[in-house]
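Asks: Provided herewith is a single structure, encoded as structure tokens, for subsequent inquiry.
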Amino acid sequence: MRKADIVSRVAEQTGVPKVDVLVALEAFFKEVKTSLKGGENVYVRGFGSFILKKRAKKIGRNIKKNTAVEIPEHFVPAFKPAKVFSDQIKKGTKVK
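For the sequence shown, counting from 1, position 96 maps to 156 in our numbering; every step adds exactly one.
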């Protein structure tokens, strides 16, 4: 499913114009990105959490030059689904 499909389905279910749904969806994505960039996790009850995971410093390899490269510690975004969400998917029930 693509973003356009989500916008179409939400617009059909709510009766809100597609343009307004798209603007709201883009605003949500922007706020999630901004919060994560600022180091703050985002929790959506019943759906899941957008969190930052810390990756430790490690040594990598540059294959072309055959040299060791130090990769500094950094954070990567991740999504952790809520227990209710996971249980519904495992049971095969439809998520509303």
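The beta-carbon is built from N, C-alpha and C at its ideal position, and this holds for glycine as well.
Every value quoted in this text rests on a predicted model; they were computed, and no experiment measured them.
Specify the secondary structure class of Ala64 as computed by DSSP and reduced to three states.
Replies: Taking the sequence shown and counting its residues from 1, one reaches residue 64 at position 4. The answer is helix: DSSP assigns Ala64 an H, G or I state.
Asks: Give me, in chain order, the residues of the same chain whose beta-carbon lies closer than 8 Å to that of Val67; leave out the 5 immediate sequence neighbours on both sides.
Replies: For the purposes of this step, residue 67 is identified with residue 7 of the sequence shown, where counting begins at 1. If we look at Val67 and ignore the five residues flanking it on each side, its Cβ neighbours are Lys78, Val81, Leu82 and Leu85.
Asks: Counting along the chain, where does the alpha helix (DSSP H) carrying Lys78 start and finish?
Replies: Along the sequence shown, read from residue 1 onward, the residue named residue 78 stands at position 18. From DSSP, the alpha helix (DSSP H) with Lys78 extends over Lys78 to Lys97.
Asks: Check whether the region 107-121 touches the region 131-145, taking contact to mean three or more Cβ pairs, one atom from each stretch, closer than 8 Å.
Replies: Because the criterion of three Cβ pairs below 8 Å is met, the region 107-121 and the region 131-145 touch.
Asks: What are the boundary residues of the beta strand (DSSP E) that Ile119 is part of?
Replies: Sequence index remark: in the sequence shown, residue 119 carries index 59 (1-based). Lys118 to Asn122 is the extent of the beta strand (DSSP E) around Ile119.
Asks: Helix, strand or coil for Phe145? Go by DSSP, reduced to three states.
Replies: Here residue 145 corresponds to residue number 85 of the sequence shown, with the count starting at 1. Note: Phe145 maps to helix in three-state DSSP.
Asks: Distance, Cα to Cα, Asn126 vs Gln73?
Replies: Counting from 1 along the sequence shown, the entry for residue 126 is found at position 66. Counting from 1 along the sequence shown, the entry for residue 73 is found at position 13. Approximately 56 Å between the Cα atoms of the pair.
Asks: CB Glu130 to CB Ile119, shorter than 8 Å?
Replies: If you number the sequence shown from 1, residue 130 lands on position 70. If you number the sequence shown from 1, residue 119 lands on position 59. It is a contact, given that the beta carbons lie within the stated cut-off.
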